[in-house]
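Protein chains: 2
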Amino acid sequence: MADFKAEIKVMLRRAILDPQGRAVETTLRRLGAHNVSDVRIGKHIELLFSGERAEVEAQLARLTEEVLSNPVLEEAHYTLTELPAPTDTEVDAGTDVRGVAG
Amino acid sequence: MADFKAEIKVMLRRAILDPQGRAVETTLRRLGAHNVSDVRIGKHIELLFSGERAEVEAQLARLTEEVLSNPVLEEAHYTLTELPAPTDTEVDAGTDVRGVAG
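Top line first, the protein sequences correspond to chains A and B.
Position 100 of the first sequence, counting from 1, maps to 99 under numbering that gives the first Met the number 0, and the rest follow consecutively.
Position 70 of the second sequence, counting from 1, maps to 69 under numbering that gives the first Met the number 0, and the rest follow consecutively.
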């Protein structure tokens, strides 16, 4: 049993118009940032899991694809990082797993 | 002159209740994921800049703090990566700059 932090980036697929990104791009240009292009806005989801590594990895992949993103319209990338045990001194554990759903 | 890709993660500050994260956490638990906790949902913003590195870095820091996030309620982290010139073969350029706004 360990604790894991998952970070999931969910973006609209390239082929899908991103109206929020488009609106922000227009605003940035109006503010004088004429060198900005291709603004896309998606979601960043963070959550903690406890459990055995293999089960958590499978669960994260499944929840990302089936609940946290819509694979028809969106692309999801995730990372899973094991958190140091509470008794340890603070360590940057790095990233253990990367994945793409959809 | 070069092209740069900026990625900005904007999350509500820890002290601020995240109702969207809370709702998703409740849903995940209802679906049987009882080992999930601390769900937080923020924004992931991607955009391209062209220009000289020093100017783009300063512009990204300023736009992140003044336009793309609300430093009172939100914490923003960004990375800036120089894109390979179009004539080069494709290279993962890595991350050149990291920053925090607010």
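All C-beta atoms, glycine included, are put in the ideal place defined by N, C-alpha and C.
Whose Cβ in chain B lies nearer than 7 angstroms to the Cβ of residue i?
i: Ile40/A; result: Lys42, Ile44
Indicate whether residue i and residue j have their beta-carbon atoms separated by less than 8 angstroms.
i: Leu46/B; j: Ala100/B; result: no
i: Val38/A; j: Phe48/B; result: no
i: Leu59/A; j: Leu82/A; result: no
i: Leu27/A; j: Val66/B; result: yes
i: Glu73/B; j: Val9/B; result: yes
i: Ile44/B; j: Ile40/A; result: yes
i: Leu62/A; j: Ala22/B; result: no
i: Tyr77/A; j: Gly50/A; result: no
i: Ala84/B; j: Arg52/B; result: no
Residue i versus chain B: which residues are under 8 angstroms apart at the beta carbon?
i: Asp37/A; result: Glu45, Leu46, Leu47
What does residue i touch in chain A if you count any residue whose Cβ is under 7 angstroms from its own?
i: Asn34/B; result: Phe48, Ser49, Gly50
Let me check one thing: in DSSP terms, what residues is residue i bridge-paired to?
i: Ile40/B; result: Ile44/A
i: Gly93/B; result: BP columns for Gly93/B are empty, so no partner.
i: Ala5/B; result: Leu46/B, Leu79/B
i: Glu73/B; result: Leu11/B
i: Val55/B; result: The partner list for Val55/B (beta bridge, DSSP) is empty, contrary to what the question assumes.
i: Val99/B; result: His76/B
Could you run through the segment 56-67 of chain B and flag, in chain order, every residue whose CB is less than 8 angstroms away from some CB of chain A? Gln58, Leu62, Val66, Leu67
Mind listing, in chain order, the continuous beta strand (DSSP E) runs of no fewer than 3 residues lying wholly within the segment 9-40 of chain A? Runs found: none.
Along the segment 21-32 of chain A, where does the CB come closer than 8 angstroms to a CB of chain B? Name the residues. Val23, Glu24, Thr26, Leu27, Leu30, Ala32
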